[in-house]
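Working notes, beginning with the structure itself.
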Amino acid sequence: MRQRARISFASASDVLLIADGRLDQDPSQISIDEVQRLIEIYPVVLSRHFSRRVKAFIKYIKKNARVLGGKVTDYWWRIEFQKRGSPHLHLVVWIENPPSFETPEGIELIDQVVSCYYPSEQENLELHNLVKKNQRHQHTHTCHKNNSQNCRFAFPRQPCEQTRIVPPSSDEFIRNGGRFCSLKRNSNETYINNYNPEILKLWNANMDIQPCGNNEAIAHYIAKYVAKSEPTDLTGSIAAAIRKIRLEETNISRKLFKICMRILKEREVSAAECAYRLCHLPLRGSSRTTVFLNTRKPEQRYYVLKFEGNEAVGMCSNIFERYEKRPREDSEYDFPNMCLLEFAMRFEVDYKKNDEVEENVDAIEEEQSGRKKYITLTDKKRMAVRKIPAVLLLQYKPYYDESELLGELSAREAFLACEETLKERSAFMETFRERDRQLEIAFTQAHAFNLLGNPEEVVQAELEEEAVPEQLMTDEQFETVRNALNVQQRDLFNLVTRSIQQQMAGSNERLKLFVTGGAGVDDTSDHFITRLYIMIP
Numbered sequence: 003m004r005q006r007a008r009i010s011f012a013s014a015s016d017v018l019l020i021a022d023g024r025l026d027q028d029p030s031q032i033s034i035d036e037v038q039r040l041i042e043i044y045p046v047v048l049s050r051h052f053s054r055r056v057k058a059f060i061k062y063i064k065k066n067a068r069v070l071g072g073k074v075t076d077y078w079w080r081i082e083f084q085k086r087g088s089p090h091l092h093l094v095v096w097i098e099n100p101p102s103f104e105t106p107e108g109i110e111l112i113d114q115v116v117s118c119y120y121p122s123e124q125e126n127l128e129l130h131n132l133v134k135k136n137q138r139h140q141h142t143h144t145c146h147k148n149n150s151q152n153c154r155f156a157f158p159r160q161p162c163e164q165t166r167i168v169p170p171s172s173d174e175f176i177r178n179g180g181r182f183c184s185l186k187r188n189s190n191e192t193y194i195n196n197y198n199p200e201i202l203k204l205w206n207a208n209m210d211i212q213p214c215g216n217n218e219a220i221a222h223y224i225a226k227y228v229a230k231s232e233p234t235d236l237t238g239s240i241a242a243a244i245r246k247i248r249l250e251e252t253n254i255s256r257k258l259f260k261i262c263m264r265i266l267k268e269r270e271v272s273a274a275e276c277a278y279r280l281c282h283l284p285l286r287g288s289s290r291t292t293v294f295l296n297t298r299k300p301e302q303r304y305y306v307l308k309f310e311g312n313e314a315v316g317m318c319s320n321i322f323e324r325y326e327k328r329p330r331e332d333s334e335y336d337f338p339n340m341c342l343l344e345f346a347m348r349f350e351v352d353y354k355k356n357d358e359v360e361e362n363v364d365a366i367e368e369e370q371s372g373r374k375k376y377i378t379l380t381d382k383k384r385m386a387v388r389k390i391p392a393v394l395l396l397q398y399k400p401y402y403d404e405s406e407l408l409g410e411l412s413a414r415e416a417f418l419a420c421e422e423t424l425k426e427r428s429a430f431m432e433t434f435r436e437r438d439r440q441l442e443i444a445f446t447q448a449h450a451f452n453l454l455g456n457p458e459e460v461v462q463a464e465l466e467e468e469a470v471p472e473q474l475m476t477d478e479q480f481e482t483v484r485n486a487l488n489v490q491q492r493d494l495f496n497l498v499t500r501s502i503q504q505q506m507a508g509s510n511e512r513l514k515l516f517v518t519g520g521a522g523v524d525d526t527s528d529h530f531i532t533r534l535y536i537m538i539p
């Protein structure tokens, strides 16, 4: 069993003052405008220093299990850049074998690792000054975005006599910003952000730390904070151009390409982010690595030449060759029945014992050299037929020689011959699919909470959109489109139609629908809503 904790860190201003030659000035006394000016003058100093601090901090918590209440078994982090340009760290860590947070031992662990204690100067002068300087929340204009009356960081927080778990279905959970526990907090600590005493002394800058009790909690955090998209501060003309692209362009690929290019051309990038990218400093990291399996046929893959001196002596080995050379017997692993996917997940090259150069081009998506088969759609456009059976065979069916996969059969025949086996192998990935589903639900919930929390923003955005040109439809076209609707779409169409008829008859009731769905629903829903708009005058 493993539990997770999420930690966020801000950048300290000390290094900027040192770079500027002001060693004796108190960093807490400089204004935001002055910090911004120093960031613009010394972006490389700030970025390299912050990158080194991140690396040193992760190394420290891995070596010292007491800091987070247990051994760190996994971690994932990402650098984000705040509005003023300074870097900000989001970190997720997994702790080995902690007690359940539902038990007294779990509550004790939370109190040990997470605190909002604000000692007096007499009790602990050093910690008092650190908390006062870094952890005491002060409302700014960012706390009340979109004219919201409540602080979006949930301050002030309610006093609490003892640390306790908050039920996810309760109103308190929503008021608490999705935090599943309320810390022990006195009345003078309602504006103190969560921190870890030892980490705060090391980092000496603002931080936030929160335990995550289950997969849904960590998925919610990833959806809300870690996986945030790039900054979207676009000018009105750019936003209008994007809306125009959405209306005029029907091809999904071209629409996405045009929107991306428009954003990339106009997005403002801070000096610190430029320094990070130009200095090739890592913007994310993890204890886990990612392996790409190029599932094209062998003759359609790229290979890297192996050189000795200036002479090519062969090809570098890759994951496929290593898989074919795996042991046939082992006391711990069932290699004969191990598929390529599991092999790639479980093992990596040990460069200390093997002088072979790893092939780095597995992740390159190359053009398929052979002639492709296509299908023609009703609008006369063509789509390439994916070689799904061959891909599934390559990933899930064990082999020692890749030519064994097909033999004398076609890809379709070979797939059908071992379909049941492939389904069993696919079950190996069910755990990871479940994690994907939890993330997908969390993204949907995060988006829904944004809509519910800021209805004024949604309405205002709609009011500011450019007028949409009227699109007329003949009766014949109307019948053709309506007949193409599936059962669920037709039910929704009838529901909207009845609502409009009732409103035209004098009803004051307004129909409000929240439409969501699983993976791949975006294109379908976008196409249907466009047709619905045209069909209903």
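Last residue of the sequence shown: number 539 in this note's numbering, and the count goes up by one each step with no gaps.
Backbone N, C-alpha and C fix where the C-beta goes; we use that ideal spot for every residue, glycine too.
Query: Euclidean distance between Cα positions of glutamate 104 and arginine 50; Result: 41 angstroms
Query: Cα-Cα separation, valine 74 to threonine 165; Result: 23 angstroms
Query: Reference proline 100; option with closest CA among Leu70, Ile502 and Glu128; Result: Leu70
Query: Cα-Cα separation, tyrosine 77 to asparagine 66; Result: 14 angstroms
Query: Rounded distance between the beta-carbons of proline 300 and glutamate 404, thought under 8 angstroms; Result: 6 angstroms
Query: Beta-carbon separation (whole angstroms), valine 116 vs asparagine 198, contact threshold 8 angstroms; Result: 7 angstroms
Query: Cysteine 145 in three-state terms, based on DSSP; Result: helix
Query: Three-state secondary structure (DSSP) of lysine 308; Result: strand
Query: Straight-line gap, glutamine 137 to glutamate 123 (C-alpha atoms, nearest Å); Result: 15 angstroms
Query: For glycine 72, the residue or residues it bridges with in DSSP; Result: Paired residues: none, contrary to the question.
Query: Given glutamate 331 as reference, the closest of Tyr402, Glu107 and Asp35 once Cα atoms are compared; Result: Tyr402
Query: Residue range of the unbroken alpha helix (DSSP H) whose run includes aspartate 113; Result: 106-115
Query: C-beta atoms of isoleucine 34 and glycine 87 nearer than 8 angstroms; Result: no
Query: Sub-8 angstroms separation of leucine 187 and arginine 159 beta-carbons; Result: For the record, residue 187 in the displayed sequence is arginine; it is not leucine. Cβ atoms of arginine 187 and arginine 159: closer than 8 angstroms.
Query: Run of the alpha helix (DSSP H) containing aspartate 477, from where it starts to where it stops; Result: 477-485
Query: Three-way DSSP call (helix, strand, coil) for proline 213 in this model; Result: strand
Query: Close beta carbons around alanine 277, own chain, < 7 angstroms, minus the five adjacent residues each side; Result: Pro45, Val46 and Ser49
Query: Reduced DSSP secondary structure (H/G/I, E/B, other) of leucine 465; Result: The pLDDT assigned to leucine 465 is 32, lower than 50, so where the model puts this residue is not dependable; a value taken from the coordinates is nonetheless given after this. Here leucine 465 sits in helix by DSSP.
Query: Inter-residue Cα distance where the pair is leucine 204 and arginine 68; Result: 14 angstroms
Query: Leucine 111 versus Gly215, Leu497 and Arg512, residue with shortest Cα-Cα distance; Result: Gly215
Query: Spatial neighbours of lysine 260 in its chain, beta-carbon cut-off 6 angstroms, leaving aside the 5 residues before and after; Result: Ile247
Query: Runs of beta strand (DSSP E) lying entirely within the stretch 252-328, each at least 3 residues, in chain order; Result: 286-288, 307-310 and 313-317
Query: Buried or exposed (CB count within 10 angstroms, at least 16 for buried), serine 272; Result: buried
Query: Valine 168 classed as buried or exposed, judged by whether at least 16 other C-beta atoms fall within 10 angstroms; Result: buried
Query: Leucine 129 to isoleucine 194 span [Cα, whole Å]; Result: 13 angstroms
Query: Leucine 185 in three-state terms, based on DSSP; Result: coil
Query: Closest by C-alpha distance to aspartate 28, when choosing among His146, Gln38, Asn131 and Asn296; Result: Asn131
Query: Neighbourhood of isoleucine 20 by C-beta distance below 8 angstroms, restricted to the same chain and skipping five residues each side; Result: none
Query: Pairwise C-alpha distance: glutamate 313 and arginine 414; Result: 42 angstroms
Query: Start-to-end residues for the alpha helix (DSSP H) that takes in glutamate 128; Result: 127-136
Query: Cross-strand partners of arginine 166 (DSSP beta bridge); Result: Ser184
Query: Proximity below 8 angstroms, CB of glutamine 84 to CB of histidine 92; Result: no
Query: Proximity below 8 angstroms, CB of glutamine 504 to CB of glutamate 511; Result: yes
Query: Nearest neighbour of alanine 156, chosen from Asn488, His139 and Ser189 [CA to CA]; Result: His139
Query: Terminal residues of the alpha helix (DSSP H) in which glutamine 490 lies; Result: 489-506
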